[in-house]
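Asker: Got a structure for you, questions after.
Numbering (the numbering used here), first residue to last: 1368 to 1608.
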């Protein structure tokens, strides 16, 4: 009887630990989780709008991507890393000059989970200051590196007035060729979708983003043909902005 009871207690303890781990995983990675700060991952489902977002920039090839967006008169949202802005300030200013929205993507693109709250706050704060001083625009949006939230984010988002942004679909463009990127995004196209792509690769100086550029150039006319329009994240969340 005692052995049976001990076994039951161990099973309960194991199940509780598993449940706790699953809950923590959702809090950290779940796209709808707001445990570590206000966060969104989609816009209104009753409007045929899609938001293109680009992380890890600015990069050496960002101007080529801007040319593609300009050709189709499509606005996008760029989540900039502070370190990349300091390296390529003119490109960061060009993103703003050409009418796109910019967001905060932390400073060094370090993994923020399992780090101290002060480290997290410093990463976000330094990026915010760099972006504002360089472009003249203070971001109101924040996307955590790798989409992983952690302790300290809620407070720094509150202090800086930042809304966290996840995504409806990640294009996985840092590892896929143009064709599978395109298929992945088209499969997930729906009203209010927020697509996550990349115009940089972490903080590398000269990343290859040609698959991303090609996929975007083919994606836009296809989605136009399906009746969609493109908006920035703020526009897709608040149509009056």
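C-beta atoms are modelled at their ideal positions from N, C-alpha and C, and glycine is treated no differently.
Keep in mind it's a predicted model, so treat the numbers as computed, not measured.
Answer yes if the stretch 1516 to 1535 comes into contact with the stretch 1566 to 1574, meaning at least three C-beta pairs across the two stretches below 8 angstroms, and no otherwise.
Answerer: Touching, no, given that fewer than three Cβ pairs across the two stretches are closer than 8 angstroms.
Asker: Go ahead and label residue 1588 buried or exposed: buried means 16 or more other beta carbons lie within 10 angstroms of its beta carbon, across all protein chains shown.
Answerer: Taking the first residue of the chain shown as position 1, residue 1588 is located at position 221. Exposed, by the Cβ-count rule.
Asker: Apart from the five residues just before and just after residue 1437, which ones in its own chain have a Cβ nearer than 8 angstroms to its Cβ?
Answerer: Sequence index remark: in the chain shown, residue 1437 carries index 70 (1-based). Cβ within range, chain order: 1465.
Asker: Would residue 1579 pass as a contact of residue 1450 if the rule is Cβ separation under 7 angstroms?
Answerer: Position 212 of the chain shown, counting from 1, holds the residue named residue 1579. Position 83 of the chain shown, counting from 1, holds the residue named residue 1450. Result no, Cβ atoms of residue 1579 and residue 1450 do not sit closer than 7 angstroms.
Asker: Comparing C-alpha positions only, which one of 1516, 1457, 1424 sits nearest to residue 1447?
Answerer: Within the chain shown, the letter at position 80 stands for residue 1447. The residue with the shortest Cα to Cα distance from residue 1447 is 1424.
Asker: Evaluate the contact criterion for the stretch 1536 to 1550 versus the stretch 1485 to 1498: three or more CB pairs, one atom per stretch, below 8 angstroms.
Answerer: Flag = no, the stretch 1536 to 1550 and the stretch 1485 to 1498 do not touch.
Asker: Would you decide whether residue 1485 is buried or exposed? Buried here means 16 or more other CB atoms lie within 10 Å of its CB.
Answerer: Taking the first residue of the chain shown as 1, we reach residue 1485 at position 118. Per the 10 Å Cβ criterion, exposed.
Asker: Please state whether the Cβ-Cβ distance between residue 1543 and residue 1586 is less than 7 angstroms.
Answerer: Reading the chain shown from its first residue, position 176 is the one you call residue 1543. Reading the chain shown from its first residue, position 219 is the one you call residue 1586. No, the Cβ-Cβ distance between residue 1543 and residue 1586 is not below 7 angstroms.
Asker: Mind reading off the beta-carbon distance from residue 1572 to residue 1459? Whole number of angstroms is fine, and I expect it under 8 angstroms.
Answerer: Position 205 of the chain shown holds residue 1572. Position 92 of the chain shown holds residue 1459. Not a contact, Cβ separation roughly 15 angstroms.
Asker: Measuring CA to CA, which of 1583, 1454, 1603, 1477 is closest to residue 1550?
Answerer: Here residue 1550 refers to the residue found at position 183 when the chain shown is read from its first residue. Among 1583, 1454, 1603, 1477, the Cα nearest to that of residue 1550 belongs to 1583.
Asker: State the DSSP-derived secondary structure class of residue 1420, mapped to helix, strand or coil.
Answerer: As a working note, residue 1420 is residue 53 in the chain shown. DSSP places residue 1420 in strand when its eight states are reduced to three.
Asker: In terms of residues, what are the limits of the beta strand (DSSP E) holding residue 1452?
Answerer: Within the chain shown, numbered from 1, the residue matching residue 1452 stands at position 85. No beta strand (DSSP E) contains residue 1452, which is instead part of the alpha helix (DSSP H) from 1449 to 1454.
Asker: Taking all protein chains shown into account, decide if residue 1574 is buried (16 or more other Cβ within 10 angstroms of its Cβ) or exposed.
Answerer: Position 207 of the chain shown, counting from 1, holds the residue named residue 1574. With 16 or more other Cβ atoms within 10 Å, it is buried.
Asker: Give the C-beta separation of residue 1470 and residue 1502 to the nearest angstrom, bearing in mind that I take them to be a contact with Cβ-Cβ under 8 angstroms.
Answerer: Mapped onto the chain shown, residue 1470 falls at position 103. Mapped onto the chain shown, residue 1502 falls at position 135. Wrong, their Cβ atoms sit about 12 angstroms apart, outside the cutoff.
Asker: For residue 1598, tell me which candidate among 1468, 1581, 1521, 1412 has the shortest Cα-Cα distance.
Answerer: As a position in the chain shown, residue 1598 is number 231, starting the count at 1. Here the closest residue by C-alpha is 1468.
Asker: Below 8 angstroms on the Cβ atoms is my guess for residue 1472 versus residue 1516; work out the distance and round it to an integer in Å.
Answerer: To locate residue 1472, count along the chain shown from 1; it is residue 105. To locate residue 1516, count along the chain shown from 1; it is residue 149. Between residue 1516 and residue 1472 the Cβ distance is about 13 angstroms, and since that is not below 8 angstroms, they are no contact.
Asker: Please report how far the alpha carbon of residue 1422 lies from the alpha carbon of residue 1475, in whole angstroms.
Answerer: Residue mapping note: residue 1422 aligns to position 55 of the chain shown, counting from 1. Residue mapping note: residue 1475 aligns to position 108 of the chain shown, counting from 1. If you take the alpha carbons of residue 1422 and residue 1475, they lie about 12 angstroms apart.
Asker: Kindly give me the distance between the Cβ atoms of residue 1556 and residue 1590, rounded to whole angstroms, as I take these residues to be in contact under 8 angstroms.
Answerer: Translated into positions along the chain shown, residue 1556 becomes position 189. Translated into positions along the chain shown, residue 1590 becomes position 223. Right, their Cβ atoms sit about 6 angstroms apart.
Asker: Please report the residue range of the alpha helix (DSSP H) in which residue 1486 lies.
Answerer: Looking up residue 1486 in the chain shown gives position 119. Unbroken alpha helix (DSSP H) run through residue 1486: 1484 to 1502.
Asker: Among the residues of its own chain, which have a CB less than 6 angstroms from the CB of residue 1505, if the five just before and after it don't count?
Answerer: As a working note, residue 1505 is residue 138 in the chain shown. Excluding positions up to five away in sequence, the list reads 1499.
Asker: Considering only DSSP beta bridges, list what residue 1518 is partnered with.
Answerer: To locate residue 1518, count along the chain shown from 1; it is residue 151. Paired residue(s): none; residue 1518 is not in a bridge.
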